[in-house]
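Input: a single structure, listed below in structure tokens.
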Amino acid sequence: CLGEDCWDQQYETSFALYTIRTEVEHLAGNYEAAEQPCRALIERGRTPREKAELFPMLAAQYTHRALYLDAIQAMRDYLNKNPREQHVALRIAEIYEENLYNPLAAALEYEEVLKKNLPAERWGWAAIHLANIYSGKLN
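According to our numbering, the sequence shown is numbered sequentially starting from 1369.
Below, the structure is given as structure tokens:
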């Protein structure tokens, strides 16, 4: 393991090694073990972009461990930093619908997504999903 001063003395190497460790643990299915280096990367990242790029990985780790509300929070944090990434908002709606079995929350998320400037294909997909929720799960 790297010493605490590694971040100050060899930032790029430290960031690369922690990123590799996070990815290897994640790919091996060790999602809980991947969380610690991922959080260290988010905490130590120097640029908003470096930090923001890690939230989807953190959210995936939570999702794989069925920590859906934590995953949603990580995705919201990412979306706040990257508002154009509306595919993340769609994923939040999917988690509410498919994993948390909360069609009302999913419908509210889809409604918000439909207010954004999306490519026609994604907008149509979200609209169809919302119509299906309204015609089925909320009746």
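By construction, the Cβ of each residue, glycine as well, lies at the ideal position given by its N, Cα and C atoms.
>> Give me the residue from L1486, Q1429 and P1471 with the minimum Cα distance to S1503.
In response: P1471
>> Within a Cβ cutoff of 7 Å, which residues of the same chain sit near R1433, ignoring the five residues on either side of it in sequence?
In response: Closer than 7 Å at the Cβ level, and outside the excluded window around R1433, lie Y1399 and E1400.
>> Buried or exposed, going by whether 16 or more other CB atoms sit within 10 Å of the CB of R1452?
In response: exposed
>> Considering just the uninterrupted stretch of the alpha helix (DSSP H) at P1424, what are its terminal residues?
In response: F1423 to H1432
>> Tell me the rounded alpha-carbon separation between K1483 and E1421.
In response: 24 Å
> If we count the other Cβ atoms within 10 Å of its Cβ and call it buried at 16 or more, is Q1377 buried or exposed?
Replying inline: exposed
>> Taking 8 Å as the limit between beta carbons, can you name the residues of its chain near A1494, skipping five residues before and five after?
In response: L1458, A1461, Y1478, V1481, L1482 and L1486
> Using DSSP with H/G/I as helix, E/B as strand and the rest coil, what is D1495?
Replying inline: The sequence given here has Ala at residue 1495, not Asp. Of the three classes helix, strand and coil, the one that applies to A1495 here is helix, per DSSP.
> By how many angstroms is the C-alpha of E1393 removed from the C-alpha of L1468?
Replying inline: Going by the C-alpha atoms only, they are around 26 Å apart.
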